[in-house]
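Asker: Let me give you the structure first, and then I'll get to my questions.
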Amino acid sequence: MVCPFGEECVTSVIDSRKNSEGIRRRRECSTCGLRFTTYEKADITLMVEKRSGDIEEFSYEKLYQGIDNAFGGIDISDKKLKTLVDNVYKDIKSHGKKIKSKIIGETVLIHLKNINEVAYLRFASVYKEFSDVTDFEKEAAELN
1 MVCPFGEECV TSVIDSRKNS EGIRRRRECS TCGLRFTTYE KADITLMVEK
51 RSGDIEEFSY EKLYQGIDNA FGGIDISDKK LKTLVDNVYK DIKSHGKKIK
101 SKIIGETVLI HLKNINEVAY LRFASVYKEF SDVTDFEKEA AELN
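At the far end of the sequence shown sits residue 144, using UniProt numbering, and the numbering has no gaps.
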């Protein structure tokens, strides 16, 4: 790798550590002696098969927004929300490079059910396309 401090310099790795996101490498320039850190992670594009059969690239932001909307008006910290979304994302990534939107929705529901029943019902109402109050009542009854 080329040193970011001098374009002619060449670097060497002096330390590597694996973490949940990838690999952290500590590097040193053989010319100027400066040290810096790089992070490596696999760039795996997750593809989503929609109900219509269309295929599109997975959007973390869309997942985050959908879950955030389910909590509309319910007090949840940004940290807890991000942790929830990250956990859902980890679960859906484990299905491979292509996943059906149905599995994403079901995974979100599983996580929401354990955290907040109102957020669960809000998300379910959109995901399962509730058409009237009886749909809410049936879903709420299944929670208990």
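The C-beta atom is built at its ideal place from N, Cα and C for all residues, glycine as well.
Using the three-state DSSP reduction, which class does E28 fall into: helix, strand or coil?
Answerer: The residue you call residue 28 lines up with position 28 of the sequence shown. Correct three-state label for E28: strand.
Asker: Counting only runs that start and end within the UniProt domain "ATP-cone" (46–135), where is the beta strand (DSSP E) found for 3 or more residues in a row?
Answerer: Counting only runs of 3 or more, we get 47–49, 55–57 and 98–100.
Asker: Look at the alpha carbon of E117 and the alpha carbon of L46, and state the distance between them as a whole number of angstroms.
Answerer: Translated into the one-based positions of the sequence shown, residue 117 becomes position 117. Translated into the one-based positions of the sequence shown, residue 46 becomes position 46. Distance between the alpha carbons of E117 and L46: 29 Å.
Asker: Quick check on DSSP: helix, strand or coil for E18?
Answerer: Indexing the sequence shown from 1 puts residue 18 at position 18. Correcting the residue type first, residue 18 is Lys in the shown sequence and not Glu. Here K18 sits in strand by DSSP.
Asker: Does the stretch 47–67 touch the stretch 98–113, meaning 3 or more C-beta pairs lie closer than 8 Å?
Answerer: These segments touch.
Asker: Is the separation between the beta-carbon of R17 and that of R24 shorter than 8 Å?
Answerer: Position 17 of the sequence shown holds residue 17. Position 24 of the sequence shown holds residue 24. Contact: yes.
Asker: How far does the beta strand (DSSP E) with E40 in it extend, from its first residue to its last?
Answerer: Position 40 of the sequence shown holds residue 40. Note, E40: beta strand (DSSP E), R35 to E40.
Asker: When you compare only the Cα positions, how much space is there between M1 and V13?
Answerer: Here the question's residue 1 lines up with position 1 in the sequence shown. Here the question's residue 13 lines up with position 13 in the sequence shown. M1 and V13: Cα-Cα distance of roughly 9 Å.
Asker: In or out: A42 buried (at least 16 other Cβ within 10 Å) or exposed?
Answerer: Within the sequence shown, the letter at position 42 stands for residue 42. The residue in question, A42, is exposed, as its Cβ has fewer than 16 Cβ neighbours within 10 Å.
Asker: Bridge partners for I44 per DSSP, in chain order?
Answerer: The residue given as residue 44 occupies position 44 in the sequence shown. DSSP lists no partner for I44.
Asker: Are the beta-carbon atoms of V108 and V88 separated by less than 8 Å?
Answerer: In the sequence shown, the residue the question calls residue 108 occupies position 108. In the sequence shown, the residue the question calls residue 88 occupies position 88. Taking 8 Å as the Cβ cut-off, V108 and V88 qualify as a contacting pair.
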